[in-house]
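One structure is given below, encoded as C-alpha coordinates.
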Amino acid sequence: MGDYSKALESYEKSHKIREKALPSNHPDLAMSYNNIGRVYKNMGDYSKALEFYEKDLEIKKKALPPNHPDLATSYNNIGLVYKKMGDYSKALEFYEKAHKIYEKALPSNHPNLATSYNNIGQVYNSMGDYSKALEFYEKSHKIGEKSLPSNHPGLATSYNSIGGVYKNMGDYLKALEFYEKSHKIREKSLPSNHPGLAISYNNIALVYADMGDYSKALEFYEKAHQISEKALPSNHPDLATSYNNIGGVYKDMGDHSKALEFYEKAHKIFEKALPPNHPDMAVSYNNIGQMYNNMGDYSKALEFNEKALKIREKTVSPNHPDLATSYNNIGATYFGKGDYSKALESFKKAQKIVEKALPPNHPSLASSYNNIGAVYDSMGDYSKALEFYEKSHKIREKALPSNHPSLAISYNNIGMAYSGKGDYSKALSFLETALSIWQKSLPPNHPNIKTVTNLIDYVKKKM
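In terms of the working numbering, the sequence shown is residues 125 to 587.
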(Lines of atoms letter the chains of each structure in order from A and count residues from 1; the text may use other names and numbers.)
(Lines give C-alpha, C1' and ligand atoms only; values in the text may rest on other atoms or scores of the structure.)
Protein backbone atom coordinates (compact mmCIF):
# COMPACT_ATOMS: atom_id res chain seq x y z
CA MET A 1 0.00 0.00 0.00
CA GLY A 2 2.92 2.32 0.84
CA ASP A 3 4.34 1.94 -2.67
CA TYR A 4 1.07 3.09 -4.26
CA SER A 5 0.86 6.11 -1.94
CA LYS A 6 4.45 7.08 -2.73
CA ALA A 7 3.89 6.67 -6.47
CA LEU A 8 0.73 8.81 -6.34
CA GLU A 9 2.46 11.47 -4.27
CA SER A 10 5.39 11.61 -6.71
CA TYR A 11 3.18 11.71 -9.84
CA GLU A 12 0.90 14.36 -8.33
CA LYS A 13 3.86 16.60 -7.40
CA SER A 14 5.18 16.24 -10.93
CA HIS A 15 1.70 16.99 -12.32
CA LYS A 16 1.34 20.23 -10.30
CA ILE A 17 4.65 21.49 -11.69
CA ARG A 18 3.58 20.65 -15.24
CA GLU A 19 0.16 22.30 -14.78
CA LYS A 20 1.84 25.58 -13.85
CA ALA A 21 4.53 25.45 -16.51
CA LEU A 22 2.69 24.04 -19.55
CA PRO A 23 -0.37 24.88 -21.67
CA SER A 24 -3.47 22.78 -20.83
CA ASN A 25 -3.17 20.60 -23.98
CA HIS A 26 0.52 19.81 -23.69
CA PRO A 27 1.40 16.11 -24.30
CA ASP A 28 3.43 16.00 -21.05
CA LEU A 29 0.23 16.71 -19.11
CA ALA A 30 -1.39 13.72 -20.86
CA MET A 31 1.53 11.56 -19.72
CA SER A 32 0.99 12.83 -16.19
CA TYR A 33 -2.71 11.93 -16.22
CA ASN A 34 -1.82 8.52 -17.66
CA ASN A 35 0.68 7.79 -14.86
CA ILE A 36 -1.81 8.76 -12.14
CA GLY A 37 -4.54 6.70 -13.84
CA ARG A 38 -2.26 3.66 -13.93
CA VAL A 39 -1.60 3.87 -10.17
CA TYR A 40 -5.34 4.09 -9.41
CA LYS A 41 -5.94 1.09 -11.73
CA ASN A 42 -3.31 -0.95 -9.85
CA MET A 43 -4.92 0.10 -6.56
CA GLY A 44 -8.25 -1.24 -7.84
CA ASP A 45 -9.85 2.23 -7.77
CA TYR A 46 -11.33 1.91 -11.25
CA SER A 47 -13.57 4.99 -11.25
CA LYS A 48 -10.56 7.19 -10.38
CA ALA A 49 -8.45 5.40 -12.99
CA LEU A 50 -11.12 6.11 -15.63
CA GLU A 51 -11.26 9.78 -14.65
CA PHE A 52 -7.50 10.23 -15.26
CA TYR A 53 -7.29 8.01 -18.35
CA GLU A 54 -10.13 10.05 -19.90
CA LYS A 55 -8.27 13.31 -19.18
CA ASP A 56 -5.22 11.79 -20.88
CA LEU A 57 -7.40 10.83 -23.88
CA GLU A 58 -8.95 14.33 -24.19
CA ILE A 59 -5.52 15.94 -24.55
CA LYS A 60 -4.31 13.35 -27.04
CA LYS A 61 -7.46 13.74 -29.19
CA LYS A 62 -6.72 17.46 -29.53
CA ALA A 63 -2.98 17.13 -30.00
CA LEU A 64 -2.67 14.08 -32.27
CA PRO A 65 -4.01 12.93 -35.65
CA PRO A 66 -6.96 10.47 -35.32
CA ASN A 67 -4.91 7.41 -36.33
CA HIS A 68 -1.93 8.02 -34.06
CA PRO A 69 -0.79 4.86 -32.16
CA ASP A 70 -0.65 6.83 -28.85
CA LEU A 71 -4.42 7.31 -29.13
CA ALA A 72 -4.78 3.54 -29.45
CA THR A 73 -2.77 3.13 -26.22
CA SER A 74 -5.23 5.43 -24.45
CA TYR A 75 -8.24 3.52 -25.81
CA ASN A 76 -6.62 0.26 -24.63
CA ASN A 77 -6.08 1.66 -21.12
CA ILE A 78 -9.74 2.69 -20.87
CA GLY A 79 -10.85 -0.66 -22.32
CA LEU A 80 -8.86 -2.52 -19.67
CA VAL A 81 -10.49 -0.52 -16.83
CA TYR A 82 -13.98 -1.25 -18.20
CA LYS A 83 -13.04 -4.95 -18.47
CA LYS A 84 -11.94 -4.97 -14.82
CA MET A 85 -15.20 -3.24 -13.86
CA GLY A 86 -17.12 -5.97 -15.70
CA ASP A 87 -18.56 -3.60 -18.31
CA TYR A 88 -17.70 -5.86 -21.25
CA SER A 89 -19.60 -3.99 -23.97
CA LYS A 90 -17.72 -0.77 -23.08
CA ALA A 91 -14.43 -2.68 -22.90
CA LEU A 92 -15.03 -4.08 -26.41
CA GLU A 93 -15.97 -0.62 -27.72
CA PHE A 94 -12.62 0.87 -26.61
CA TYR A 95 -10.50 -2.14 -27.54
CA GLU A 96 -12.05 -2.06 -31.03
CA LYS A 97 -11.31 1.68 -31.36
CA ALA A 98 -7.68 0.90 -30.53
CA HIS A 99 -7.68 -2.00 -32.98
CA LYS A 100 -8.98 0.13 -35.88
CA ILE A 101 -6.11 2.57 -35.36
CA TYR A 102 -3.52 -0.21 -35.27
CA GLU A 103 -4.95 -1.74 -38.46
CA LYS A 104 -4.52 1.57 -40.30
CA ALA A 105 -1.24 2.69 -38.73
CA LEU A 106 0.79 -0.51 -38.43
CA PRO A 107 1.97 -3.35 -40.71
CA SER A 108 -0.22 -6.47 -40.56
CA ASN A 109 2.28 -8.50 -38.50
CA HIS A 110 3.12 -5.80 -35.93
CA PRO A 111 3.23 -7.06 -32.28
CA ASN A 112 0.81 -4.29 -31.18
CA LEU A 113 -1.84 -5.77 -33.48
CA ALA A 114 -1.29 -9.13 -31.82
CA THR A 115 -1.77 -7.49 -28.41
CA SER A 116 -4.95 -5.89 -29.70
CA TYR A 117 -6.42 -9.21 -30.88
CA ASN A 118 -5.42 -10.68 -27.51
CA ASN A 119 -7.24 -7.90 -25.58
CA ILE A 120 -10.45 -8.44 -27.57
CA GLY A 121 -10.09 -12.21 -27.03
CA GLN A 122 -9.86 -11.64 -23.26
CA VAL A 123 -13.19 -9.81 -23.22
CA TYR A 124 -14.95 -12.57 -25.18
CA ASN A 125 -13.37 -15.11 -22.80
CA SER A 126 -14.74 -13.18 -19.79
CA MET A 127 -18.16 -13.08 -21.47
CA GLY A 128 -18.07 -16.85 -21.92
CA ASP A 129 -18.04 -16.58 -25.73
CA TYR A 130 -15.24 -19.11 -26.06
CA SER A 131 -15.39 -19.63 -29.83
CA LYS A 132 -14.97 -15.85 -30.37
CA ALA A 133 -12.20 -15.76 -27.77
CA LEU A 134 -10.34 -18.56 -29.58
CA GLU A 135 -10.77 -16.80 -32.92
CA PHE A 136 -9.06 -13.63 -31.62
CA TYR A 137 -6.38 -15.43 -29.61
CA GLU A 138 -5.46 -17.46 -32.70
CA LYS A 139 -5.23 -14.29 -34.82
CA SER A 140 -2.90 -12.88 -32.18
CA HIS A 141 -0.88 -16.10 -32.16
CA LYS A 142 -0.45 -16.15 -35.95
CA ILE A 143 1.09 -12.68 -35.87
CA GLY A 144 3.39 -13.77 -33.05
CA GLU A 145 4.52 -16.83 -35.03
CA LYS A 146 5.44 -14.65 -38.02
CA SER A 147 7.02 -11.72 -36.19
CA LEU A 148 8.75 -13.31 -33.18
CA PRO A 149 11.50 -15.92 -32.74
CA SER A 150 10.18 -19.37 -31.77
CA ASN A 151 11.28 -19.07 -28.11
CA HIS A 152 10.00 -15.53 -27.54
CA PRO A 153 8.05 -15.06 -24.24
CA GLY A 154 5.27 -13.33 -26.26
CA LEU A 155 4.50 -16.68 -27.94
CA ALA A 156 4.34 -18.31 -24.51
CA THR A 157 1.70 -15.73 -23.50
CA SER A 158 -0.22 -16.56 -26.65
CA TYR A 159 -0.22 -20.34 -25.99
CA ASN A 160 -1.23 -19.54 -22.44
CA SER A 161 -4.31 -17.57 -23.56
CA ILE A 162 -5.44 -20.36 -25.89
CA GLY A 163 -4.91 -22.90 -23.11
CA GLY A 164 -7.12 -20.81 -20.82
CA VAL A 165 -10.04 -20.94 -23.26
CA TYR A 166 -9.77 -24.73 -23.61
CA LYS A 167 -9.72 -24.97 -19.79
CA ASN A 168 -12.91 -22.89 -19.57
CA MET A 169 -14.48 -25.14 -22.20
CA GLY A 170 -13.60 -28.17 -20.08
CA ASP A 171 -11.23 -29.58 -22.72
CA TYR A 172 -8.51 -30.26 -20.18
CA LEU A 173 -6.17 -32.26 -22.42
CA LYS A 174 -6.10 -29.43 -24.99
CA ALA A 175 -5.60 -26.91 -22.18
CA LEU A 176 -2.62 -28.89 -20.84
CA GLU A 177 -1.16 -29.19 -24.36
CA PHE A 178 -1.12 -25.39 -24.80
CA TYR A 179 -0.03 -24.61 -21.24
CA GLU A 180 2.88 -27.03 -21.65
CA LYS A 181 3.89 -25.41 -24.97
CA SER A 182 3.89 -22.09 -23.15
CA HIS A 183 5.94 -23.56 -20.30
CA LYS A 184 8.61 -25.03 -22.61
CA ILE A 185 9.23 -21.62 -24.16
CA ARG A 186 9.48 -19.97 -20.76
CA GLU A 187 11.89 -22.66 -19.52
CA LYS A 188 14.21 -21.92 -22.47
CA SER A 189 13.88 -18.14 -22.54
CA LEU A 190 13.63 -17.12 -18.87
CA PRO A 191 15.85 -17.52 -15.80
CA SER A 192 14.77 -20.35 -13.45
CA ASN A 193 13.28 -17.99 -10.82
CA HIS A 194 11.36 -15.76 -13.25
CA PRO A 195 7.72 -15.00 -12.23
CA GLY A 196 6.64 -16.01 -15.78
CA LEU A 197 7.59 -19.61 -14.96
CA ALA A 198 5.46 -19.43 -11.82
CA ILE A 199 2.49 -18.36 -14.00
CA SER A 200 3.05 -21.48 -16.14
CA TYR A 201 3.13 -23.81 -13.15
CA ASN A 202 -0.01 -22.10 -11.77
CA ASN A 203 -1.93 -22.62 -15.01
CA ILE A 204 -0.97 -26.28 -15.28
CA ALA A 205 -2.00 -26.72 -11.63
CA LEU A 206 -5.40 -25.10 -12.34
CA VAL A 207 -6.14 -27.73 -14.99
CA TYR A 208 -5.18 -30.61 -12.70
CA ALA A 209 -7.38 -29.11 -9.96
CA ASP A 210 -10.34 -28.89 -12.38
CA MET A 211 -9.70 -32.52 -13.34
CA GLY A 212 -9.81 -33.44 -9.66
CA ASP A 213 -6.15 -34.57 -9.64
CA TYR A 214 -5.35 -32.65 -6.47
CA SER A 215 -1.92 -34.15 -5.74
CA LYS A 216 -0.73 -33.06 -9.21
CA ALA A 217 -2.32 -29.64 -8.72
CA LEU A 218 -0.52 -29.20 -5.38
CA GLU A 219 2.79 -30.31 -6.92
CA PHE A 220 2.60 -27.57 -9.58
CA TYR A 221 1.25 -24.89 -7.25
CA GLU A 222 4.15 -25.57 -4.87
CA LYS A 223 6.64 -25.24 -7.75
CA ALA A 224 5.07 -21.88 -8.58
CA HIS A 225 5.18 -20.86 -4.93
CA GLN A 226 8.89 -21.71 -4.56
CA ILE A 227 9.69 -19.41 -7.48
CA SER A 228 7.51 -16.61 -6.11
CA GLU A 229 9.16 -16.88 -2.67
CA LYS A 230 12.63 -16.49 -4.19
CA ALA A 231 11.73 -13.85 -6.76
CA LEU A 232 9.41 -11.57 -4.82
CA PRO A 233 9.43 -9.58 -1.55
CA SER A 234 7.56 -11.29 1.31
CA ASN A 235 4.50 -9.02 1.09
CA HIS A 236 4.09 -9.07 -2.71
CA PRO A 237 0.46 -9.63 -3.87
CA ASP A 238 1.56 -12.44 -6.23
CA LEU A 239 2.72 -14.44 -3.20
CA ALA A 240 -0.75 -14.00 -1.73
CA THR A 241 -2.25 -15.30 -4.99
CA SER A 242 0.03 -18.31 -4.64
CA TYR A 243 -1.25 -19.01 -1.10
CA ASN A 244 -4.83 -18.60 -2.38
CA ASN A 245 -4.23 -21.18 -5.11
CA ILE A 246 -2.83 -23.74 -2.66
CA GLY A 247 -5.76 -23.00 -0.33
CA GLY A 248 -8.14 -23.65 -3.24
CA VAL A 249 -6.79 -27.18 -3.73
CA TYR A 250 -7.14 -28.00 -0.03
CA LYS A 251 -10.72 -26.64 -0.23
CA ASP A 252 -11.47 -28.95 -3.18
CA MET A 253 -9.94 -31.86 -1.24
CA GLY A 254 -12.29 -31.08 1.65
CA ASP A 255 -9.43 -30.13 4.03
CA HIS A 256 -11.11 -26.96 5.29
CA SER A 257 -8.68 -26.12 8.11
CA LYS A 258 -5.66 -26.36 5.74
CA ALA A 259 -7.48 -24.26 3.15
CA LEU A 260 -8.31 -21.63 5.77
CA GLU A 261 -4.66 -21.56 6.89
CA PHE A 262 -3.49 -20.69 3.34
CA TYR A 263 -6.34 -18.25 2.68
CA GLU A 264 -5.44 -16.39 5.88
CA LYS A 265 -1.74 -16.25 4.87
CA ALA A 266 -2.86 -14.68 1.59
CA HIS A 267 -5.14 -12.26 3.40
CA LYS A 268 -2.35 -10.98 5.69
CA ILE A 269 -0.24 -10.10 2.64
CA PHE A 270 -3.16 -8.38 0.88
CA GLU A 271 -3.88 -6.34 4.02
CA LYS A 272 -0.31 -5.00 4.03
CA ALA A 273 0.12 -4.60 0.27
CA LEU A 274 -3.25 -3.34 -0.97
CA PRO A 275 -5.71 -0.54 -0.20
CA PRO A 276 -8.71 -1.74 1.87
CA ASN A 277 -11.17 -1.55 -1.06
CA HIS A 278 -9.00 -3.37 -3.61
CA PRO A 279 -10.92 -6.09 -5.55
CA ASP A 280 -8.32 -8.70 -4.48
CA MET A 281 -9.29 -8.00 -0.86
CA ALA A 282 -12.86 -8.94 -1.81
CA VAL A 283 -11.60 -12.23 -3.32
CA SER A 284 -9.72 -12.88 -0.09
CA TYR A 285 -12.75 -12.24 2.14
CA ASN A 286 -14.77 -14.37 -0.23
CA ASN A 287 -12.36 -17.33 0.08
CA ILE A 288 -12.30 -17.16 3.89
CA GLY A 289 -16.09 -16.84 3.97
CA GLN A 290 -16.47 -19.96 1.82
CA MET A 291 -14.31 -21.93 4.24
CA TYR A 292 -16.33 -20.90 7.28
CA ASN A 293 -19.45 -21.82 5.31
CA ASN A 294 -18.05 -25.29 4.53
CA MET A 295 -17.08 -25.68 8.20
CA GLY A 296 -20.64 -24.82 9.26
CA ASP A 297 -19.68 -21.54 11.00
CA TYR A 298 -22.40 -19.55 9.22
CA SER A 299 -22.15 -16.33 11.25
CA LYS A 300 -18.40 -16.07 10.44
CA ALA A 301 -19.14 -16.96 6.80
CA LEU A 302 -21.72 -14.17 6.53
CA GLU A 303 -19.35 -11.67 8.14
CA PHE A 304 -16.63 -12.33 5.52
CA ASN A 305 -18.99 -12.65 2.55
CA GLU A 306 -20.60 -9.32 3.43
CA LYS A 307 -17.16 -7.65 3.67
CA ALA A 308 -16.48 -8.91 0.14
CA LEU A 309 -19.86 -7.61 -1.05
CA LYS A 310 -19.24 -4.11 0.41
CA ILE A 311 -15.94 -3.81 -1.48
CA ARG A 312 -17.49 -4.99 -4.72
CA GLU A 313 -20.43 -2.59 -4.36
CA LYS A 314 -17.89 0.26 -4.20
CA THR A 315 -15.43 -0.86 -6.88
CA VAL A 316 -17.29 -2.56 -9.73
CA SER A 317 -20.27 -1.75 -11.94
CA PRO A 318 -23.69 -2.84 -10.56
CA ASN A 319 -23.92 -5.65 -13.13
CA HIS A 320 -20.42 -7.08 -12.60
CA PRO A 321 -20.31 -10.90 -12.33
CA ASP A 322 -18.20 -10.57 -9.14
CA LEU A 323 -21.22 -9.00 -7.42
CA ALA A 324 -23.22 -12.04 -8.45
CA THR A 325 -20.48 -14.22 -6.91
CA SER A 326 -20.93 -12.36 -3.62
CA TYR A 327 -24.71 -12.82 -3.65
CA ASN A 328 -24.24 -16.50 -4.52
CA ASN A 329 -21.87 -16.96 -1.58
CA ILE A 330 -24.27 -15.21 0.80
CA GLY A 331 -27.06 -17.38 -0.62
CA ALA A 332 -24.98 -20.51 -0.02
CA THR A 333 -24.50 -19.49 3.62
CA TYR A 334 -28.23 -19.01 4.17
CA PHE A 335 -28.80 -22.31 2.35
CA GLY A 336 -26.37 -24.03 4.74
CA LYS A 337 -28.26 -22.52 7.69
CA GLY A 338 -31.53 -23.87 6.28
CA ASP A 339 -32.90 -20.34 5.79
CA TYR A 340 -34.30 -21.11 2.33
CA SER A 341 -36.24 -17.86 1.79
CA LYS A 342 -33.09 -15.75 2.41
CA ALA A 343 -31.05 -18.14 0.26
CA LEU A 344 -33.54 -17.77 -2.62
CA GLU A 345 -33.51 -13.98 -2.26
CA SER A 346 -29.68 -13.87 -2.59
CA PHE A 347 -29.52 -16.44 -5.39
CA LYS A 348 -32.16 -14.50 -7.37
CA LYS A 349 -30.17 -11.24 -6.96
CA ALA A 350 -27.18 -13.08 -8.42
CA GLN A 351 -29.34 -14.46 -11.24
CA LYS A 352 -30.56 -10.96 -12.25
CA ILE A 353 -26.98 -9.65 -12.45
CA VAL A 354 -25.73 -12.61 -14.47
CA GLU A 355 -28.69 -12.37 -16.87
CA LYS A 356 -27.85 -8.70 -17.55
CA ALA A 357 -24.07 -8.98 -17.61
CA LEU A 358 -23.43 -12.16 -19.58
CA PRO A 359 -24.65 -13.84 -22.77
CA PRO A 360 -27.61 -16.26 -22.34
CA ASN A 361 -25.43 -19.37 -22.74
CA HIS A 362 -22.77 -18.41 -20.19
CA PRO A 363 -21.87 -21.19 -17.70
CA SER A 364 -22.30 -18.72 -14.77
CA LEU A 365 -25.99 -18.45 -15.61
CA ALA A 366 -26.21 -22.23 -15.51
CA SER A 367 -24.63 -22.18 -12.02
CA SER A 368 -27.14 -19.54 -10.95
CA TYR A 369 -30.14 -21.61 -12.09
CA ASN A 370 -28.56 -24.64 -10.45
CA ASN A 371 -28.31 -22.85 -7.07
CA ILE A 372 -31.98 -21.84 -7.21
CA GLY A 373 -32.91 -25.40 -8.17
CA ALA A 374 -31.00 -26.73 -5.16
CA VAL A 375 -33.04 -24.54 -2.78
CA TYR A 376 -36.36 -25.77 -4.23
CA ASP A 377 -34.98 -29.33 -4.07
CA SER A 378 -34.20 -28.95 -0.35
CA MET A 379 -37.64 -27.43 0.24
CA GLY A 380 -39.17 -30.58 -1.31
CA ASP A 381 -40.58 -28.62 -4.28
CA TYR A 382 -39.19 -31.08 -6.84
CA SER A 383 -41.15 -29.71 -9.83
CA LYS A 384 -39.67 -26.22 -9.29
CA ALA A 385 -36.26 -27.76 -8.70
CA LEU A 386 -36.49 -29.65 -12.00
CA GLU A 387 -37.54 -26.47 -13.84
CA PHE A 388 -34.33 -24.68 -12.75
CA TYR A 389 -32.06 -27.73 -13.04
CA GLU A 390 -33.26 -28.18 -16.63
CA LYS A 391 -32.66 -24.49 -17.46
CA SER A 392 -29.14 -24.94 -16.13
CA HIS A 393 -28.71 -28.15 -18.12
CA LYS A 394 -29.81 -26.59 -21.44
CA ILE A 395 -27.13 -23.89 -21.12
CA ARG A 396 -24.43 -26.39 -20.26
CA GLU A 397 -25.38 -28.63 -23.19
CA LYS A 398 -24.92 -25.70 -25.60
CA ALA A 399 -21.88 -24.10 -23.96
CA LEU A 400 -19.77 -27.10 -22.93
CA PRO A 401 -18.33 -30.23 -24.54
CA SER A 402 -20.29 -33.45 -23.93
CA ASN A 403 -17.87 -34.85 -21.31
CA HIS A 404 -17.49 -31.65 -19.24
CA PRO A 405 -17.78 -32.37 -15.47
CA SER A 406 -20.31 -29.53 -15.04
CA LEU A 407 -22.70 -31.34 -17.39
CA ALA A 408 -22.48 -34.33 -15.08
CA ILE A 409 -23.49 -32.06 -12.16
CA SER A 410 -26.65 -31.21 -14.13
CA TYR A 411 -27.48 -34.87 -14.83
CA ASN A 412 -26.79 -35.69 -11.18
CA ASN A 413 -29.09 -32.94 -9.86
CA ILE A 414 -31.92 -33.75 -12.27
CA GLY A 415 -31.56 -37.39 -11.22
CA MET A 416 -31.82 -36.43 -7.53
CA ALA A 417 -34.96 -34.35 -8.18
CA TYR A 418 -36.63 -37.28 -9.98
CA SER A 419 -35.61 -39.48 -7.06
CA GLY A 420 -37.28 -36.99 -4.71
CA LYS A 421 -40.46 -37.21 -6.82
CA GLY A 422 -40.31 -41.01 -6.61
CA ASP A 423 -39.67 -41.41 -10.36
CA TYR A 424 -36.80 -43.84 -9.87
CA SER A 425 -36.42 -45.06 -13.46
CA LYS A 426 -35.89 -41.48 -14.71
CA ALA A 427 -33.62 -40.80 -11.75
CA LEU A 428 -31.47 -43.83 -12.59
CA SER A 429 -31.11 -42.80 -16.24
CA PHE A 430 -29.80 -39.30 -15.32
CA LEU A 431 -27.55 -40.52 -12.50
CA GLU A 432 -25.95 -43.15 -14.75
CA THR A 433 -25.26 -40.49 -17.40
CA ALA A 434 -23.61 -38.33 -14.71
CA LEU A 435 -21.46 -41.28 -13.63
CA SER A 436 -20.45 -42.05 -17.22
CA ILE A 437 -19.25 -38.44 -17.79
CA TRP A 438 -17.36 -38.27 -14.50
CA GLN A 439 -15.67 -41.60 -15.17
CA LYS A 440 -14.34 -40.18 -18.46
CA SER A 441 -13.35 -36.74 -17.18
CA LEU A 442 -12.24 -37.26 -13.56
CA PRO A 443 -9.79 -39.57 -11.78
CA PRO A 444 -11.38 -42.78 -10.38
CA ASN A 445 -11.04 -41.72 -6.72
CA HIS A 446 -12.81 -38.36 -7.20
CA PRO A 447 -15.49 -37.76 -4.50
CA ASN A 448 -18.18 -36.99 -7.14
CA ILE A 449 -17.85 -40.53 -8.51
CA LYS A 450 -18.29 -42.02 -5.04
CA THR A 451 -21.33 -39.83 -4.30
CA VAL A 452 -23.20 -40.63 -7.54
CA THR A 453 -22.39 -44.37 -7.21
CA ASN A 454 -24.02 -44.34 -3.76
CA LEU A 455 -27.06 -42.51 -5.18
CA ILE A 456 -27.40 -45.09 -7.96
CA ASP A 457 -27.32 -47.89 -5.37
CA TYR A 458 -30.01 -46.10 -3.34
CA VAL A 459 -32.27 -45.60 -6.40
CA LYS A 460 -31.87 -49.25 -7.51
CA LYS A 461 -32.96 -50.42 -4.05
CA LYS A 462 -36.06 -48.21 -4.29
CA MET A 463 -37.10 -49.58 -7.70
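Idealized CB from N, CA, C, for every residue including glycine.
In this structure, N410 sits away from A390, with a CB-CB distance that is not shorter than 7 Å. Residues A222 of the same chain have their beta carbon placed closer than 6 Å to that of N200, with the five preceding and five following residues left out of the count. In this structure D337 is not in contact with P568, their Cβ atoms being roughly 11 Å apart against a cut-off of 8 Å.
Per DSSP, the continuous alpha helix (DSSP H) segment holding D581 begins and ends at P571 to K586. Fewer than three beta-carbon pairs drawn from the stretch 519-532 and the stretch 547-554 are found closer than 8 Å, and the two stretches are therefore not classed as touching. Uninterrupted alpha helix (DSSP H) stretches at least 4 residues long and entirely within the stretch 540-572 occur at 548-565, given in chain order. Around the beta carbon of G413, a 10 Å sphere encloses 16 or more other beta carbons of the protein chains shown; the residue is thus reported as buried. For P403, the secondary structure class from DSSP, reduced to helix, strand or coil, is helix. In the three-state reduction of the DSSP assignment, H150 falls in the coil class.
Secondary structure of N410 (DSSP, three-state): helix. In terms of CA proximity to K340, D376 leads the group D376, S502 and N485. Excluding its 5 nearest sequence neighbours in each direction, H307 has C-beta neighbours in its own chain below 6 Å: S324, listed in chain order. DSSP, read as helix, strand or coil, puts P442 in coil.
Only buried fits D446, as 16 or more other CB atoms lie within 10 angstroms of its CB. When the five nearest sequence neighbours on each side are left out, the beta carbons in the same chain lying within less than 6 Å of the beta carbon of A490 are those of S516, I519 and R520, in order along the chain. In the DSSP annotation of this structure, the continuous segment of the alpha helix (DSSP H) that includes D180 starts and ends at Y170 to A187. Here the C-alpha atom of G539 lies approximately 50 Å from the C-alpha atom of P357. When DSSP states are grouped into helix, strand and coil, M155 belongs to the helix group.
Around the beta-carbon of G288, 16 or more other beta-carbon atoms lie within 10 Å, marking it buried.
Residue environment: I141 is assigned as exposed (fewer than 16 neighbouring CB atoms within 10 Å of its CB, all protein chains considered). CA-to-CA, the gap between K438 and L398 works out to about 15 Å. Counted as a single uninterrupted DSSP element, the alpha helix (DSSP H) harbouring M251 occupies residues P235 to M251. Closest in alpha carbon position to Y500, among F471, A523, I477 and H486, is F471.
When DSSP states are grouped into helix, strand and coil, H307 belongs to the helix group.
Only residues of its own chain outside the window of five on either side were considered, and among them L552, L555, E556 and L559 have a CB closer than 8 Å to the CB of I580, listed in chain order.
With contacts defined as CB atoms closer than 7 Å, K208 and Y170 qualify as a contacting pair. Contact annotation: the stretch 128-136 does not touch the stretch 364-371, with fewer than three C-beta pairs closer than 8 Å. One Cα belongs to Y387, the other to Y261, and the distance between them is close to 32 Å. In the three-state scheme derived from DSSP, where H, G and I count as helix and E and B as strand, D463 is classed as coil. In its chain, beyond the 5 residues on either side, G455, Y458, F459 and V499 have a beta carbon closer than 7 Å to the beta carbon of A467.
Leaving aside the five residues that flank K298 on each side, the residues in its chain whose CB is nearer than 6 Å to its CB run, in chain order, Y290.
Cβ-Cβ distances below 7 Å link D295 to P525 in the same chain, with the five nearest sequence neighbours on each side left out; the list follows chain order. Following the DSSP letters along the chain, one finds G287 inside the alpha helix (DSSP H) bounded by residues P277 to N292. For K347, the closest of E385, M587 and L363 by C-alpha to C-alpha distance is L363.
By the Cβ criterion, the stretch 149-167 is in contact with the stretch 179-188, since at least three pairs of Cβ atoms, one from each stretch, lie closer than 8 Å.
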